[in-house]
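Enquirer:
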Amino acid sequence: NAGVTQTPKFQVLKTGQSMTLQCAQDMNHNSMYWYRQDPGMGLRLIYYSASEGTTDKGEVPNGYNVSRLNKREFSLRLESAAPSQTSVYFCASTPGEPNIYDEQYFGPGTRLTVT
Amino acid sequence: RKEVEQDPGPFNVPEGATVAFNCTYSNSASQSFFWYRQDCRKEPKLLMSVYSSGNEDGRFTAQLNRASQYISLLIRDSKLSDSATYLCVVNRERDDKIIFGKGTRLHILP
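These protein sequence lines map, in sequence, to chains A and B.
Our numbering applies: residue 1 is where the first sequence begins, and numbers increase by one.
Our numbering applies: residue 1 is where the second sequence begins, and numbers increase by one.
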């Protein structure tokens with residue numbers, strides 16, 4: 001099993017450009033999450049999804065959109081990138097519905113720079 | 001008090017030594033506690049859950065102190081491979097979601 005995979009690994013965007021970060025998991029997990037990690041900050045939740053077709057806002061959703069295409073895939077879209085969105089983005093999944101007890105399985109991350 | 005607070009370090013410790021660090025949390029009703037490990041430029045991975053009675057996994061021991069609202073991680077006989085950032089995770093009150101601390105960096109010196 002590959003676990004959680006993310007593409008691309010690195011990306012450089014100019015301000016105002018758009019892009020979609022892809023995430024897929026092969027563990028048959030129900031819930032998926034997008035986080036961002038900035039220097040000196042903890043991981044912050046952007047959006048999450050409890051099941052196909054459902055999404056909810058996390059702590060820092062502004063400037064992002066998400067799509068839970070099917071049980072395996074959860075994408076994160078930046079419609080008009082800003083320098084403040086320069087960060088490392090991690091996708092994660094958990095087996096059941098979102099809860100506070102499950103281990104989170106993370107993908108390898110996408111390093112995004114917006115100039 | 002911040003929701004989750006960790007000493008950022010770095011802790012520079014010689015190989016073979018014992019090292020311990022704490023994580024304080026503000027939600028007195030928290031029920032969920034974890035330690036995750038994150039290697040440089042890698043994703044976080046679960047190291048261990050923290051139970052009320054404390055738990056041990058090999059050289060690693062995690063403790064919960066509810067009265068003082070902190071969890072601790074003790075690493076005995078430290079190895080070079082223990083060099084990493086250790087993230088504390090606790091559930092918070094306002095939305096019952098988990099929150100990650102900023103992490104404590106540990107460098108094991110040869």
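From the three backbone atoms N, C-alpha and C, an ideal C-beta is built for every residue, glycine too.
Determine the direct distance from the alpha carbon of Ala67 (chain B) to that of Tyr88 (chain A), and round the result to whole angstroms.
Expert: Strictly speaking, residue 88 (chain A) in this sequence is Val, with Tyr absent from that position. Between Val88 (chain A) and Ala67 (chain B), the C-alpha separation is close to 36 Å.
Enquirer: Kindly say whether Glu15 (chain B), judged by its beta-carbon, lies nearer than 8 Å to any beta-carbon of chain A.
Expert: No, Glu15 (chain B) lies away from the interface with chain A (no Cβ there is under 8 Å from its Cβ).
Enquirer: According to DSSP, is Leu149 (chain A) part of a helix, a strand, or is it coil?
Expert: Residue coverage of chain A in this structure runs from 1 to 115, which leaves residue 149 (chain A) outside it and unanswerable.
Enquirer: Is the Cβ of Gln69 (chain B) closer than 8 Å to any Cβ of chain A?
Expert: Not one chain A Cβ lies under 8 Å of Gln69 (chain B).
Enquirer: What is the DSSP secondary structure of Ser87 (chain A), reduced to helix, strand or coil?
Expert: Looking at Ser87 (chain A) - three-state DSSP - the assignment turns out to be strand.
Enquirer: Taking Tyr51 (chain B) as part of the beta strand (DSSP E), name the residues at either end of that continuous run.
Expert: Counting along the chain, Tyr51 (chain B) falls outside any beta strand (DSSP E), and DSSP gives it neither H nor E.
Enquirer: For Asp39 (chain B), return the contacting residues in chain A, with the cut-off set at a CB-CB distance below 9 Å.
Expert: Those within 9 Å of Asp39 (chain B) in chain A number zero; the least Cβ separation is about 11 Å.
Enquirer: For Gly53 (chain A) and Ala82 (chain A), I'd like the C-alpha separation in whole angstroms.
Expert: So the two alpha carbons sit approximately 27 Å from each other.
Enquirer: If contact is defined by three or more beta carbon pairs under 8 Å, each pair taking one atom from either stretch, is the region 67-85 of chain A in contact with the region 37-52 of chain A?
Expert: With a cut-off of 8 Å, the region 67-85 of chain A and the region 37-52 of chain A count as touching, because enough Cβ pairs lie within range.
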